[in-house]
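There are 2 protein chains.
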Amino acid sequence: MSPTYEHPRPALTVDCVVFAVERERLEVLLIRRAREPFAASWALPGGFVDMEENLETAARRELEEETGLSDLFLEQLYTFGRPDRDPRGRVVSVAYYALVNLAGGQVHAASDASAAAWFPVDALPALAFDHAEILATALERLRGKVRYAPLGFELLPRRFTLTELQRLYEIILGRALDKRNFRRKIQGMGLLVDTGDAQRGKAHRAARLYRFDRRRYRQLEREGFSFWV
Amino acid sequence: MSPTYEHPRPALTVDCVVFAVERERLEVLLIRRAREPFAASWALPGGFVDMEENLETAARRELEEETGLSDLFLEQLYTFGRPDRDPRGRVVSVAYYALVNLAGGQVHAASDASAAAWFPVDALPALAFDHAEILATALERLRGKVRYAPLGFELLPRRFTLTELQRLYEIILGRALDKRNFRRKIQGMGLLVDTGDAQRGKAHRAARLYRFDRRRYRQLEREGFSFWV
DNA sequence: CCAAAAGTGTTCTCCATACACCCATGC
DNA sequence: GCATGGGTGTATGGAGAACACTTTTGG
Chain A
526 MSPTYEHPRP ALTVDCVVFA VERERLEVLL IRRAREPFAA SWALPGGFVD MEENLETAAR
586 RELEEETGLS DLFLEQLYTF GRPDRDPRGR VVSVAYYALV NLAGGQVHAA SDASAAAWFP
646 VDALPALAFD HAEILATALE RLRGKVRYAP LGFELLPRRF TLTELQRLYE IILGRALDKR
706 NFRRKIQGMG LLVDTGDAQR GKAHRAARLY RFDRRRYRQL EREGFSFWV
Chain E
526 MSPTYEHPRP ALTVDCVVFA VERERLEVLL IRRAREPFAA SWALPGGFVD MEENLETAAR
586 RELEEETGLS DLFLEQLYTF GRPDRDPRGR VVSVAYYALV NLAGGQVHAA SDASAAAWFP
646 VDALPALAFD HAEILATALE RLRGKVRYAP LGFELLPRRF TLTELQRLYE IILGRALDKR
706 NFRRKIQGMG LLVDTGDAQR GKAHRAARLY RFDRRRYRQL EREGFSFWV
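Written out as structure tokens, the structure is:
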């Protein structure tokens with residue numbers, strides 16, 4: 526028999542921490558568990574990895590099945606494997622975090638699809654398993670990485686105003702930023718393209734709409750440029 | 526039967542990328558595989574996770590069993606789970622990276638213990654499985670993180686000279702640093718303690734020996750200080 | 001006394017920060 | 001015409017980068 530089969534095997538799951546910015550707050554998507562253990566508790570979306578499936582594929586599949594969300598930014602976070610983290614027995618979980626912009630209308634589909642709901646990260650319910658720890662790890666990663674990688678744009682619609690972008694960073698970083706300095710810096714990086722259009726329907730001067738230039742970002746990255754907010 | 530047992534289970538392993546700086550180069554510890562698959566190939570030390578064992582514990586155990594190394598800096602890197610990464614079947618591997626200083630004398634024990642050997646990261650042999658990819662990921666992490674976390678000290682003996690520390694950074698980062706600027710910056714952080722002793726037995730002026738102040742680092746970290754080289 | 005590395009200051013440039021007012025638009 | 005956010009420039013301080021010579025020690 527092949528050596529692989531000589532060893533006992535933990536079960537393997539994926540769990541996803543999905544972030545969005547909504548109503549001026551950073552929020553996380555949770556689902557209400559239907560079954561034991563932790564039936565009726567809130568938990569991260571996730572589930573078992575299939576035998577022939579990539580880990581990231583499993584994360585995307587579970588996310589779509591449980592929340593209706595697809596095609597979002599998704600990155601592996603950390604693997605949690607304390608032997609006692611699941612009362613059913615040994616279950617190791619590969620955690621991912623995801624970013625989604627709620628302007629796309631996907632939200633409602635997601636929220637309706639099952640018992641899923643958004644919670645502000647500073648007002649979370651009790652969570653099943655070690656999901657509070659996973660969520661804390663994801664939050665730390667997001668807050669750290671958003672400063673040196675262009676993650677912020679994943680949380681906004683394709684076209685956005687400079688004020689929206691600034692508010693996003695203020696919400697994630699938890700502190701106010703100077704408007705003029707923020708604009709000078711972000712525009713100085715040469716990663717924003719003025720779409721020529723303007724925001725409409727607001728009772729004040731219309732703001733210009735920009736989009737993030739991914740192509741140019743990859744180019745600059747290769748040349749040793751580093752993003753920094 | 527509990528829900529855990531309804532699912533097919535991949536096998537679970539840990540793999541370790543152990544870095545050291547030796548003879549002015551960054552090197553990695555590899556072992557020569559005794560068995561199929563990839564018998565006689567070089568590979569990362571690692572092996573199967575036991576059923577009641579923490580992931581990090583498994584990594585430390587395998588490292589000690591296969592290379593004799595213990596008590597080193599170890600951090601989870603990434604989890605690799607492509608379905609075809611192991612010809613024996615589905616094997617998911619949680620990768621760790623470790624840092625070790627070779628002045629401690631552990632090396633020789635390690636090298637002698639089995640078919641283990643150090644290779645410069647820019648002159649690696651062909652590796653088993655997807656270990657080349659794991660190693661590349663670890664190298665990227667090390668080079669990135671060494672700049673904003675005090676990892677460098679893990680690669681030096683407890684007491685070291687400023688020149689040794691500077692050489693270490695030059696080797697890892699792959700570029701020359703200015704001596705006066707490096708010293709001003711590193712001493713300005715207040716994280717080095719002058720031991721009062723000096724290096725002896727060199728045919729030139731004796732250099733002062735310093736040690737890293739971990740306690741103070743943790744203190745400053747809590748106060749919002751950020752390390753930066 | 002010679003070879004080898006240790007140790008030490010100053011200048012300049014650039015970037016982060018602090019700060020306040022006029023402009024365009026919808027109602 | 002007024003309320004609301006959009007958009008803009010300048011002065012200052014601190015940190016990074018460039019740069020060369022004297023000191024100490026062992027052999």
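Respectively, the protein sequence lines represent chains A and E. 552 is the number that the working numbering gives to position 27 of the first sequence; each next residue is one higher, with no gaps. 664 is the number that the working numbering gives to position 139 of the second sequence; each next residue is one higher, with no gaps. C-beta: ideal position from N, C-alpha, C; glycine also. Keep in mind that this is a model prediction, so the values were computed, not measured.
- Taking all protein chains shown into account, A/GLU748 has fewer than 16 neighbouring C-beta atoms within 10 Å of its C-beta and is therefore exposed.
- Membership of E/THR688 in the alpha helix (DSSP H) is indicated by the continuous run 687-698.
- Closer than 7 Å to the CB of A/LEU588 there is not a single CB belonging to chain E.
- Among the residues of the region 702-731 of chain E, none has a Cβ less than 8 Å away from any Cβ of chain A.
- DSSP places A/GLU748 outside both helix and strand once states are collapsed to three, so it counts as coil.
- DSSP places A/TYR603 within a strand segment (E or B) once states are collapsed to three.
- Check the Cα spacing between A/PRO645 and each of A/LEU660, A/LEU537, A/PHE654: the tightest is with A/LEU660.
- Contacts with chain A (Cβ-Cβ distance below 7 Å) from the region 529-555 of chain E involve THR529, HIS532, PRO533, ARG534, PRO535, ALA536, LEU537, listed in chain order.
- Taking 7 Å as the cut-off, the Cβ atoms of A/ALA623 and A/LEU599 count as close.
- Only those residues of the region 590-624 of chain A whose C-beta falls short of 8 Å from the nearest C-beta of chain E are listed: GLN601, TYR603, THR604, GLY606, ARG607, PRO608, ASP611, ARG613, GLY614, ARG615, VAL616, VAL617, VAL619.
- Residue-level contact by beta carbon fails for E/GLU665 and chain A, as no gap is shorter than 7 Å.
- The continuous alpha helix (DSSP H) containing A/ARG705 extends over residues 704-713.
- Apart from sequence neighbours up to five positions away, the residues of its chain that approach A/ALA628 with a beta-carbon distance below 8 Å are LEU681, PRO682, ordered along the chain.
- DSSP, read as helix, strand or coil, puts E/GLU552 in strand.
- The beta carbons of E/TYR735 and E/LEU716 sit no closer together than 7 Å.
- In this structure, E/LEU537 keeps its C-beta atom at 7 Å or more from the C-beta atom of E/VAL625.
- Scanning its chain for C-beta atoms nearer than 8 Å, with the 5 sequence neighbours on each side dropped, one finds around A/PRO612 the residues PRO562, in chain order.
- Spanning the alpha carbons of E/ARG560 and E/ARG534 requires a straight line of approximately 23 Å.
- As DSSP reads the structure, E/GLU547 sits in a beta bridge with E/ARG550.
- With a cutoff of 7 Å on beta-carbon distance, A/LYS670 and A/LEU676 are scored as near each other.
- Listed along chain A are PRO608, each with a C-beta nearer than 8 Å to that of E/GLU578.
- Looking at the DSSP output, E/VAL718 bridges to E/ARG736.
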